[in-house]
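Structure first, then comments.
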Amino acid sequence: MTGYYDSHDGAPAGDAEQPATEHGMSRRQLIRHAGWFGGAVVLTVASGEVISHIADSREPNSMTAAGATAAANGSLRFVQVSDSHIGFQGPANTDVVGSFTEAINQVNSLGFRPDFVMHSGDLTHLSTAGQFDQVKQMLTGMQTDRVFTVPGEHDSIGDAGRAYRKTFGMGTLGDGWYSFDTHGVHFIALVNTLSLEKLGHLGNDQIDFVRKDIAGLSSDTPIVVFSHIPLFAMYPKWGWSTDDALKVIALLRRFSSVTCLNGHVHQLFTKTDGNITFHSATTTAYPLPKPGRAPAPTPQVVPARQLKDALGIRTVGYRQGDRELAIKDQRLA
0 MTGYYDSHDG APAGDAEQPA TEHGMSRRQL IRHAGWFGGA VVLTVASGEV
50 ISHIADSREP NSMTAAGATA AANGSLRFVQ VSDSHIGFQG PANTDVVGSF
100 TEAINQVNSL GFRPDFVMHS GDLTHLSTAG QFDQVKQMLT GMQTDRVFTV
150 PGEHDSIGDA GRAYRKTFGM GTLGDGWYSF DTHGVHFIAL VNTLSLEKLG
200 HLGNDQIDFV RKDIAGLSSD TPIVVFSHIP LFAMYPKWGW STDDALKVIA
250 LLRRFSSVTC LNGHVHQLFT KTDGNITFHS ATTTAYPLPK PGRAPAPTPQ
300 VVPARQLKDA LGIRTVGYRQ GDRELAIKDQ RLA
């Protein structure tokens with residue numbers, strides 16, 4: 000069963016129309032209007048930024064004509080936020096609550112209502128009950144129907160993620176993993192921040208979950224995978240990789256298009272490996288150095304006027320009938 004939170008009250012939401020299946024949220028209800036057209040996902044890159052093909056507006060809290068047309072066409076639009084680190088105190092960002100609030104306001108001012116928002120980990124900085132409660136309440140301010148999460152290593156300090164799962168893990172499996180379907184796309188949310196030594200780790204139970212989860216899917220089903228730590232070897236020296244990710248990647252090779260979205264590294268990075276594209280997201284808290292350009296991945300202090308240039312959100316759009324899953328990274332500045 001899949002766990003998720005209704006953004007209006009923060010409580011676990013369910014499917015009133017029919018019982019949830021093993022994938023949660025009632026597969027039939029979520030995909031009955033969808034139809035995947037086949038073919039590969041295409042991402043358009045310009046000047047180092049992955050650009051959305053779907054027009055949007057900066058008019059706050061409004062549905063533009065383009066947005067209304069997209070909704071009528073059954074488009075999927077969702078937002079990824081990451082690494083809010085609520086509870087962090089340091090010169091790299093003296094007000095992480097303020098910057099996360101700005102990120103939420105930016106989501107609410109996109110000119111369309113996202114189908115869901117995914118927070119890809121490190122919701123908190125120290126895994127305290129108060130920090131989890133604070134970020135949960137802040138997430139209810141997102142103007143969206145559903146909010147999903149995966150945990151970061153900062154969300155499991157000292158308790159193997161129990162406090163995180165108590166707050167955000169309702170209906171998830173194992174250590175908090177799950178999957179769901181909407182608009183013809185299959186989403187998988189993984190947990191690779193427990194059992195950490197140097198690199199991220201999934202474990203055999205979770206790999207077996209993925210194997211069973213995708214077994215019945217057609218190879219032309221688009222797959223989107225969320226995790227906190229990258230599923231590719233971005234910079235293993237700093238732990239920016241997952242030691243057993245190749246076992247999951249091998250399972251996904253048969254699909255014509257796979258997009259993996261992660262947080263953790265606090266910066267944009269894209270890698271393509273055959274049919275699989277990996278995108279690391281930026282943060283709403285503080286920047287980290289580029290791989291190898293510092294002794295360790297510690298919070299970087301930048302001039303205050305430049306901080307928002309290093310922070311941001313990500314929007315993703317998929318429109319049935321097109322051959323694109325489009326990603327746009329947007330700065331808070």
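The sequence shown: position 175 = 174 (numbering that gives the first Met the number 0), numbered continuously. Using N, Cα and C, we set each Cβ at its ideal position, and we do this for glycine too.
Burial state of residue i (16 or more Cβ within 10 Å)
i	result
A64	Only weak support is given to the placement of A64: the predicted model assigns it a pLDDT of 38, under 50, and the value that follows is read from those uncertain coordinates. Under this definition A64 is an exposed residue.
D207	exposed
L245	exposed
N203	exposed
A159	exposed
M273	Per the sequence shown, residue 273 should be read as Gly rather than Met. G273 comes out exposed.
T281	buried
L324	buried
V190	buried
Boundaries of the beta strand (DSSP E) in which residue i is found, first to last residue
i	result
D328	324 to 330
D207	Where D207 is concerned, there is no enclosing beta strand (DSSP E), although the alpha helix (DSSP H) it sits in stretches over 203 to 213.
L75	75 to 80
F179	177 to 181
M117	115 to 118
Integer-rounded CB distance, given that residue j should sit under 8 Å from residue i
i	j	result
S406	Y163	An answer regarding residue 406 cannot be provided, because it is not within the stretch 0 to 332 covered by the chain.
V149	S178	That belief does not hold up - the Cβ atoms of V149 and S178 are roughly 12 Å apart, past 8 Å.
A284	N92	6 Å
Residue from the options with nearest C-alpha to residue i
i	options	result
G316	S98, K236, L109	L109
I275	V146, C259, F186	C259
K270	S240, L287, R253	S240
M169	P302, S98, F147, V184	F147
I222	M233, P229, W237, F277	F277
H124	V116, V96, G140, D144	V96
Q266	V257, P290, I248	P290
Collapsed DSSP secondary structure at residue i in the structure displayed
i	result
R27	Bear in mind that the predicted position of R27 carries a pLDDT of just 33, short of 50, making it unreliable; the figure below should be weighed with that in mind. Correct three-state label for R27: helix.
H227	coil
R292	coil
L245	helix
T314	strand
V333	There is simply no residue 333 to check, as the chain begins at 0 and stops at 332 in what is shown.
F111	coil
A188	strand
F167	helix
Residue i: first and last residue of the uninterrupted alpha helix (DSSP H) it sits in
i	result
K270	Careful: K270 lies outside any alpha helix (DSSP H), inside the beta strand (DSSP E) at 268 to 272.
I156	Element bounds for I156: n/a, residue is neither H nor E.
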